Amino acid sequence: MSVPRHTPCAVCGGTPNGSRYGPVTCLGCIVFFRRAIQKGKLQHCEKQCWREVGLDTRSCCRSCRLQKCLSAGMNPNAIQNRDKLGPRQPRRLDEILDNIDTDFDGLLQLQRKQRELHQRYSNSNKKENIKHRLYRRAKPYDIDLVLKLSFRNAIDWAKQFNSFWNLNDVEKKLIMSEFGIAFLLIDQAYKTSCKSEKGFWLLQNDSFLHSDYFLGIPVEDVQNENAVLQSTYHSEFVNDLLGAIKHPFSILKIDKLECVILKILLLLTPSFPGRVKLEDSEKMISKCMSNLMSYSFKKCPDNGMAVPDNKLVSCGIPKSMSQLTINIMCLLYDEDSFSAESNSLNDTWVNKRDCLEENEFRNPTPQLLNDNETVRFAFIRDPIQRFISMYLDKCVRSKEKYCFDCGTNMRCVVQGVYDELKNLQNYRHEFQKSGVSIMAQHAAPLSWNCNFDRGLEKWHLLMMGSDFEERKSSISHLTNILKRQGFNESLVEKIQQDTLAGETAHGTHTSPHRVEAERQVREDPFIRDLLHKIYFFDYLIFPFKRDGLDEKYRTNFWTIPK
1 MSVPRHTPCA VCGGTPNGSR YGPVTCLGCI VFFRRAIQKG KLQHCEKQCW
51 REVGLDTRSC CRSCRLQKCL SAGMNPNAIQ NRDKLGPRQP RRLDEILDNI
101 DTDFDGLLQL QRKQRELHQR YSNSNKKENI KHRLYRRAKP YDIDLVLKLS
151 FRNAIDWAKQ FNSFWNLNDV EKKLIMSEFG IAFLLIDQAY KTSCKSEKGF
201 WLLQNDSFLH SDYFLGIPVE DVQNENAVLQ STYHSEFVND LLGAIKHPFS
251 ILKIDKLECV ILKILLLLTP SFPGRVKLED SEKMISKCMS NLMSYSFKKC
301 PDNGMAVPDN KLVSCGIPKS MSQLTINIMC LLYDEDSFSA ESNSLNDTWV
351 NKRDCLEENE FRNPTPQLLN DNETVRFAFI RDPIQRFISM YLDKCVRSKE
401 KYCFDCGTNM RCVVQGVYDE LKNLQNYRHE FQKSGVSIMA QHAAPLSWNC
451 NFDRGLEKWH LLMMGSDFEE RKSSISHLTN ILKRQGFNES LVEKIQQDTL
501 AGETAHGTHT SPHRVEAERQ VREDPFIRDL LHKIYFFDYL IFPFKRDGLD
551 EKYRTNFWTI PK
């Protein structure tokens, strides 16, 4: 409600601002009253000079000014205790690491409040209906507004970390110059993936950009002589946003917690090597990656995939043709969509695959799993060769920071994997839901995956390795399964040909470093001993050749060798 300009402040007679605490008062008296009541430290004035409080004398006696506020009718009960956006004193990174889940909760709350702040600037004059909600075309004012608010939010976010406070001003500006934009894009991509329709990119304040430049544009602007050129640049820009950011967010179904983790990772990994270094960031990055991986497994339990119409179920095991498994199942689930998106059997996790957005594909129903006609298949791989592939992909080629900080030191990597998996062995049925590292997720024994312990006999196990004849035999087995389940023969033949012809970008059997890695595994007794202990039951349960194992591991027995 607007305040008449001729109504003076009821306390001091100054320029009115509002009546949120009762009578019309100025901004100075509003702020003073709120702080005085919240702090509650003002003593009673013996002189009782409150009647003298005016515009020129209101600051002379704080106690008397408070009495004048109360006498004017200002209500202490009308004061709301506002939550701060974040703690004023940042916590040390080691404190955050010790209680990472709790701090994720705090950052989730901060993120929620920041997003609510943007909603306050949402304009009521909306025209386009997107998923039963009205939005309007963004104007230059909207772009400027969300940029300013997002950079302010990014600074508040960074201030939660002691390592950021310890930087000098130049280093902070370097960090914020890229983190501010990344922060903005994460929030916009999340909103767009959750709430928009095709072609729309949503800003935080409910305005939008569209790949069609002329959608929602005033008639006079359409007639502008530069409109055609502007529409070309505009469309390219919006389509790049949608393709590079929105589609991955949609495919992976990035949620609020994952946005928090992404923001932390982007803050701690600035692209200014040698110029900016956030202290202790490596530990936080590793912890975030572990939590992100375990949380992803919670969202997609057991890595199960299904083609319900043909009663087919599969499971992707990391570093055991998991991407090939996903691609084959996506093609079988919806051939038309797979072809329309120009997908191939060599795609990796970064490629858009519509099947991954379908609940019935990602979560096989109990009815399907309990149907006697349902067929299950999974690719399995010699455990030690699988470890070598993981090592080459994560530690040699990618040089990932979460390789236990070992670099390419295989002894160190094996020890890290062994120690982590040993701590999880009594909880192996739930290991994908634990806060384990990405390395442990990829190196865990095959027997820990796919709920094999609940019915291994139900699975068709297809052994895949670097040997072509072995691959050919397994693919032949798969094609027979697909034909029996009623899939089109031409589609099955295409799968057979493409599978034998190519490999995904994560494939490592042609890596120039493989020979050296295999030599280390073959000749280093320390590495061999730990790998034998990690994968002992895999060799016992699955039909792998044991010729390359140490002698005491080659026979059938039910006592673990010492």
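full-length UniProt numbering numbers the first residue of the sequence shown as 1 and each following residue consecutively.
Even glycine gets a Cβ: it sits at the ideal position worked out from N, Cα and C.
Small disclaimer: the values here were computed from a predicted structure and weren't measured.
Smallest Cα separation from residue i: which of the options?
i: residue 142; options: 121, 477, 156 and 230; result: 121
i: residue 154; options: 325, 485, 454 and 266; result: 266
i: residue 239; options: 216, 202 and 259; result: 202
i: residue 440; options: 464, 415 and 462; result: 415
i: residue 257; options: 105, 206 and 460; result: 105
i: residue 276; options: 215, 173 and 469; result: 173
i: residue 206; options: 116, 218 and 180; result: 116
i: residue 359; options: 525, 475 and 304; result: 304
i: residue 397; options: 408, 196 and 421; result: 408
i: residue 443; options: 37, 515, 361 and 317; result: 317
i: residue 542; options: 457, 496 and 343; result: 457
i: residue 149; options: 410, 69 and 118; result: 118
i: residue 392; options: 211, 520 and 162; result: 520
i: residue 525; options: 491, 139 and 411; result: 411
i: residue 64; options: 36, 247 and 78; result: 36
i: residue 140; options: 379, 405, 209 and 164; result: 209
i: residue 160; options: 178, 72, 247 and 268; result: 268
i: residue 12; options: 71, 40 and 445; result: 71
i: residue 270; options: 180, 246, 421 and 386; result: 180
i: residue 530; options: 413, 178, 495 and 334; result: 413
i: residue 113; options: 253, 165, 18 and 157; result: 157
Can you give me the Cβ contacts of residue i inside the same chain, cut-off strictly under 6 Å, excluding the 5 residues immediately before and after it?
i: residue 20; result: none
i: residue 330; result: 338, 353 and 355
i: residue 554; result: 546
i: residue 216; result: 137
i: residue 563; result: Since the displayed the chain opens at 1 and closes at 562, residue 563 lies outside it and no answer follows.
i: residue 8; result: none
i: residue 74; result: 21, 22 and 33
i: residue 566; result: Here the chain has residues from 1 to 562 only, and residue 566 is not among them.
i: residue 79; result: 34 and 37
i: residue 292; result: 261
What span of residues does the alpha helix (DSSP H) with residue i cover, start to end?
i: residue 165; result: 162–165
i: residue 176; result: 169–195
i: residue 209; result: Residue 209 -> not in any alpha helix (DSSP H); beta strand (DSSP E) instead, spanning 207–210.
i: residue 536; result: 536–541
i: residue 323; result: 322–333
i: residue 29; result: 27–39
i: residue 277; result: Residue 277 -> no alpha helix (DSSP H), and no H or E assigned at all.
i: residue 365; result: Premise fails: residue 365 is in no alpha helix (DSSP H) and is neither H nor E.
i: residue 233; result: 227–241
i: residue 140; result: 140–158
i: residue 67; result: 62–71
i: residue 260; result: 256–268
i: residue 7; result: Careful: residue 7 lies outside any alpha helix (DSSP H) and carries neither H nor E.
i: residue 494; result: 489–501
i: residue 246; result: Taken as a continuous stretch (DSSP letters only), residue 246 belongs to no alpha helix (DSSP H), as it is neither H nor E.
i: residue 439; result: 438–443
i: residue 477; result: 468–484
i: residue 519; result: 514–523
What does DSSP give as the partner residues of residue i in its beta bridges?
i: residue 380; result: 463
i: residue 106; result: Bridge partners of residue 106: none, in fact.
i: residue 304; result: 315
i: residue 200; result: 210
i: residue 407; result: For residue 407, which the question treats as bridged, DSSP gives no partner whatsoever.
i: residue 375; result: 312
i: residue 18; result: 25
Apart from the five residues just before and just after residue i, which ones in its own chain have a Cβ nearer than 7 Å to its Cβ?
i: residue 374; result: 311, 313 and 368
i: residue 522; result: none
i: residue 301; result: With a pLDDT of 47 at residue 301, under the threshold of 50, the predicted position of this residue should be treated as unreliable, and no value is reported.
i: residue 213; result: 230, 231, 234 and 235
i: residue 550; result: 528 and 532
i: residue 288; result: 261, 264 and 265
i: residue 487; result: 310 and 332
i: residue 371; result: 311
Is there at least one Cβ from chain C nearer than 8 Å to residue i's Cβ?
i: residue 152; result: Included in the structure is just one protein chain, with no chain C present.
Grab me the residues of residue i's own chain with a C-beta within less than 8 Å of its C-beta, minus the 5 sequence neighbours each way, in chain order.
i: residue 259; result: 111, 186, 187 and 190
i: residue 242; result: 192, 199, 201 and 211
Which whole-angstrom value describes the C-beta separation of residue i and residue j, a residue pair presumed to lie in contact below a C-beta threshold of 8 Å?
i: residue 383; j: residue 539; result: 7 Å
i: residue 459; j: residue 468; result: In fact, because the Cβ distance is near 24 Å, the residues do not count as touching under 8 Å.
i: residue 474; j: residue 462; result: 4 Å
i: residue 387; j: residue 325; result: That pair is no contact at about 19 Å.
i: residue 478; j: residue 377; result: 6 Å
i: residue 146; j: residue 204; result: 5 Å
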